[in-house]
Each structure stands twice: as C-alpha cells, then as structure tokens.
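Below is one structure, written out as structure tokens; comments come after it.
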Amino acid sequence: MRILFVHPNYRSGGAEIAGTWPPAWVAYLSGHLRQAGFDDIHFIDAMTDNVSDADLAKRMEKIKPDVVGVTAITPSIYRAEDVLKVASEVVPNAVRMLGGVHATFMFKQVLSEAPWVDVIVRGEGEEICTELMLAIEDGRWPADKHKIKGLAFMDGDQIVATPAASTVKDLSKIKPDWTVLEWDKYIYIPLGTRVAIPNLARGCPFTCSFCSQWKFWRDYRVRDPKDVVDEIEDLVENHGVGFFILADEEPTINKKKFVAFCQELIDRGLPDKVKWGINTRVTDIYRDRDLLKFYRKAGLVHVSLGTEAAAQMKLDIFNKETKVDENKTAIRLLREADILVEAQFIVGLDNETPETLEETYQMAWDWQPDLANWSMYTPWPFTPLFQELKDQVEVFDFSRYNFVTPIMKPAAMERGELLDGVMNNYRRFYMKKALFHYPWRGTGFRRRYLLGCLYAFLKAGVGRTFYDLGKVGYAGPQSKNKLDFQFDDSRTIAEAQMEDWEASADKAAAAKERREAVKAQMKERSAERTQDFKLPNGAEVKACGGGSQQMEDV
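Here the working numbering = 1-based position in the sequence shown + 75.
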C-alpha cells in the first residue's frame, strides 16, 4: 500500500524567518508505520519547496497513492484542506486523511467546510494512524471505521467521532524515520547549519487557559533521555544536523530527566558537534540557577522565555507566576551562564494601549535579553480562553491566527496602530542592539550567533516577509491607517461546531454551579458543627486569637 504525506504550503512571516523547519510529524508517523510493515511511504514538503496546487496535483497523479495524509495547526488548516481537495480530484480513490491539533478539536468545523475529507485522526497520531492504515490495507475500511478509536468522519449527513484513543504509553516505541526528509533543505539561518526538532516529552502538567498542549497530549510523559539522545546522535552523525530545538513547550519541567538528558549528551561528546535551544519558564530558570553552566556545557545555547508584557501584568487571564524582577533576574542568570536568551512578549490584549506597548519596550530594554519577540494575542479556537472571549472575537478566518496578525482588536487601538507599535518596538530594539551590542559584546560563538540572528531579521525585513508586512501593505508609520489584513469575511463558525461549543459551555457552567453548591453546603455544615460543639468544660470553640468568625474564601 502506498502512503503519501504532504506538508501544506502555508507561510506567515513568523517562525520561518529564522530558517526552514523540518516537519517532524512526518518522521514520527513514518517511523511508527515502518515498524508495522509499511515501507512504501512518500513525502512532499509543499511549504519548504513552495509547491503550487497545480504542481502538487501533477506529483500526486504520478505517485498514485492509496492514502493521502496531511496535518495542520490552526493557521494552516485551509491549505491542508486544499491538499485533500486536490487529492479528491486527481487520485479520487485514495483515502484522504487529516490530523493535527486543529482538526482534533475542530473536527465538526473541518468536516462541515471540507466534506471531501474522508477521516480525521484525533489526538496523538502514531498508534491511531497505524491502526487506520492496517484497516485500509486489509480492506476493512470503511466498514470498520466505527470500531477504530480516535477518528472523526461523515456518516451520511451525520458527523461521527469514535471514542478517544489512549495516548502512547510505551514511549520507547517512538522511533522516528528521519530518512523521509531531504536534510539539505532544512537550514537554521543564524548558524547556517541543518536544524531538527525532536521532542523529549509529550504533553504538559499545566492547564493554561490559552494553551492547547495539555488538551492535545492529555497526560504528561517524558521519554527515556537515552532514547532521545540516540535520536539526536543519529541526526548529527547521519543527517548532518548542527542545531536542534526541543519541540516541548517546557522540557525542563522534569528536572531529573532533563539533567539526565544533558549528561547523556556530554557523555557522548555531542556538545562539540551540535548546539540546541529550548522554550521554558522563568520559574524553572530560578530553580536551576546552579545548573545553568552545566546546561551550557551540554550544548544549550538558546533559551526562549515566556515573559509578561505590560498589558498582561494588568490582567489575570494568563495566571502567570512571575514578577517583573524575576523576569529580569532570570535573563541575567542565563546571560551569566553564556546562554543566549530570547524574551517573548504577548501584545494586543483588550487593554493594550500605545502606553502599554511603550512600557513593554522599556521593560525589554531594561531587562537586556539578547533577543526580543512580540507576538500578537491569538486565542486558539479550541481553548477555554477562546470560549471566554468569543463574544469579542470578530475574525474567524483561521489562516490569520498566526501570532503576527492582530486578530483581537484592543478597545483603545485600531489594528493598524497596534501593528505599527509592535514594529516600532522591533525597530528600536534591534537597531540599538545592532549598533551597540552584537558586534562588540562577546567573541567567538556568541558573537557569530547574534550576528546570524540579526542577518535573519534583516533578510526577512528587506524581503518584507517578516510579520507578513508586504502582504498587508505595511511600509512604515505612514501606512498604519491604510493596511489590509485580508481577512476572509466569508469564514464563519459552522453550525455543528457552534452547537458543540454551546453544549461544552453548558456543561462547564453546570459543573461550576455544582461545585459552588457543594462548597456552600460544606461551609453551612461546618458552621452548624462548630455552633453545636462545646468543649468538655462547656466553653465555645474559638479560632486562634479568640475569634469566632471563619475566614472568607478569596
């Protein structure tokens, strides 16, 4: 059986300015499928190769696959649907499969707007996809589709979701097939070397309202550090990778496993051959302050920290645990350990103003990270935060949910003003860094890396691909009132998806009501017990200090 995977051709001027990123999903799926005996696997990276739909159709027709599979995050969902539309026209007998975080939670929306999608894989893909491929190969598809867990599909005019499949419990079975990728295409611009995106863990123990990691992966699991380093050693020795970024949202959560991972890299002499970066939290940097130089010895050279912008600090939406001084100190600790630090700021909340944008810039310059990044506030449509804010959401064109387009309009600013304010922050920060810091601070690797980052920014800026500036028509402050963000107003929430949201909201409201009722009942019973109870000498029970009132819940 012939399987064709396609990475959709979507660009936004965000992360891709730093290089061309290898689609790790296809390696992880292909590796699991090969273990099950599937060896006729093809891959088209339509994004990296900038493949048009017409060229994609020709290549599909030539390959003649039995299955066409594609994945998508929210902004690339329409391009993924387009891939399967092309497949329905040129290889109509092939089973058309879609996976990824967006389709997992928005399957009713996807199947309503793209009825040519045969099946959606919901959740962690390796085991579900393999079971689906075996059913297709054995001729049990579509007859057995209701028996396979973790799927969604149309059954007549009804949208059906089978029960959720279990997450992958035996992580030792994760054996990615990196040979499916053409490695000379994937270059990290700052260092001019091949780049990879392996993962150490799956999921996240935190349940942040704005994030989808904990919802998608469900339970937090860490792979055996030796297995991950085996994978990295293969990437370095057999595919020429010189830099990797761990795909985990926060790989330092499990300190013991992260330290073991670093030690394994050192024991195999890999830090001399490959450098790497991570995303993590300020609290973890504080916790590991005495280990930062050890992490640097293991090859860690770049840490991206989620820090608060000024407008965020005035709200409790994100439930962050850090304070201004802690952010500044964490950045200092990393720089003292010779680890480059990138501060990430989210801007564009409802309370954003020109003044808060200026405050955020001043904080960034005061904290002195090596790099700074301002991302537009973008609530994923399948997160609790979106449910809370959906009455304020005006844009349902998911192709623009890319963290560089102002989806949410602040109450006191127009979208063009917001984008211009962000560009003003970028201009000032990097102009001063370019003139007074990067060429003169540090020597050797550090200086080369920072100048490489500056080159990546300049390259994207000159080409006007950064932040999609060319596409929206931004040419400086004079153009801020003339921008066209090209929102597709025809995009709306499908009725089936809306019904699903409303049902979920009703369940959440009912659950909250039940919790409040139980809490009130317990409080009432506690008061009754206290009132009735007397000490042996007949005295009333008193709180510490002699008080008789219970503290109010806050």
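Just so it is clear, CB atoms sit at the ideal spot from N, CA and C, and this is done for glycine as well.
Straight-line Cα distance separating residue j from residue i
i, j, result
"residue 381", "residue 357", "7 Å"
"residue 355", "residue 505", "23 Å"
"residue 190", "residue 122", "24 Å"
"residue 553", "residue 526", "29 Å"
"residue 452", "residue 423", "5 Å"
"residue 246", "residue 294", "12 Å"
"residue 228", "residue 235", "5 Å"
"residue 116", "residue 258", "17 Å"
"residue 147", "residue 158", "11 Å"
"residue 127", "residue 343", "43 Å"
"residue 482", "residue 454", "9 Å"
"residue 160", "residue 565", "19 Å"
"residue 140", "residue 243", "27 Å"
"residue 145", "residue 502", "37 Å"
"residue 179", "residue 237", "12 Å"
"residue 333", "residue 360", "13 Å"
"residue 302", "residue 408", "30 Å"
"residue 433", "residue 448", "14 Å"
"residue 346", "residue 410", "19 Å"
"residue 304", "residue 315", "15 Å"
"residue 76", "residue 212", "6 Å"
"residue 568", "residue 471", "7 Å"
"residue 540", "residue 272", "23 Å"
Three-way DSSP call (helix, strand, coil) for residue i in this model
i, result
"residue 561", "coil"
"residue 116", "strand"
"residue 365", "helix"
"residue 399", "helix"
"residue 192", "coil"
"residue 471", "coil"
"residue 496", "helix"
"residue 231", "coil"
"residue 521", "helix"
"residue 630", "Any question about residue 630 goes unanswered here, given that the chain covers just 76 to 629."
"residue 89", "coil"
"residue 126", "coil"
"residue 527", "helix"
"residue 570", "helix"
"residue 211", "helix"
"residue 478", "coil"
"residue 425", "coil"
"residue 545", "helix"
Residues bridged to residue i [DSSP beta-bridge criterion]
i, result
"residue 184", "Answer is none; residue 184 lacks a bridge partner."
"residue 277", "296"
"residue 448", "419"
"residue 262", "269"
"residue 236", "227"
"residue 379", "354 and 417"
"residue 318", "270 and 350"
"residue 146", "174"
"residue 82", "120"
"residue 538", "None, per the DSSP bridge assignment."
"residue 94", "263"
Cβ-based neighbour list, residue i, same chain, cut-off 6 Å, excluding 5 preceding and 5 following
i, result
"residue 86", "none"
"residue 107", "201 and 205"
"residue 542", "88 and 479"
"residue 109", "252"
"residue 118", "80, 101 and 255"
"residue 111", "205"
Close beta carbons around residue i, own chain, < 8 Å, minus the five adjacent residues each side
i, result
"residue 207", "172, 194, 196, 216, 223 and 226"
"residue 524", "265, 266, 376, 377 and 415"
"residue 136", "165 and 166"
"residue 150", "85, 87, 473, 474, 475, 476 and 477"
"residue 680", "There is simply no residue 680 to check, as the chain begins at 76 and stops at 629 in what is shown."
CB contact check: residue i to chain C, cutoff 9 Å
i, result
"residue 518", "Of the protein chains in the structure, only one exists, and it is not chain C."
Same chain only: Cβ atoms within 7 Å of residue i, ignoring 5 sequence neighbours per side
i, result
"residue 560", "475, 480, 490 and 547"
"residue 162", "135, 143, 169 and 171"
"residue 341", "372 and 373"
"residue 274", "321, 322 and 323"
"residue 306", "251 and 273"
With a cut-off of 8 Å, do at least 3 Cβ pairs link the region 190-199 to the region 172-180? yes
Contact the region 456-474 vs the region 528-537: 3+ CB pairs below 8 Å: no
Please determine if the region 129-143 and the region 224-237 are in contact, where contact requires at least 3 C-beta pairs separated by less than 8 Å. no
The region 415-433 touching the region 493-511, judged by at least three CB pairs closer than 8 Å: yes
Using 8 Å as the cut-off, can you tell me whether the region 260-279 makes contact with the region 88-103, which would need three or more C-beta pairs spanning the two stretches below that distance? yes
Check whether the region 331-350 and the region 367-374 are in contact - that is, three or more C-beta pairs closer than 8 Å. yes
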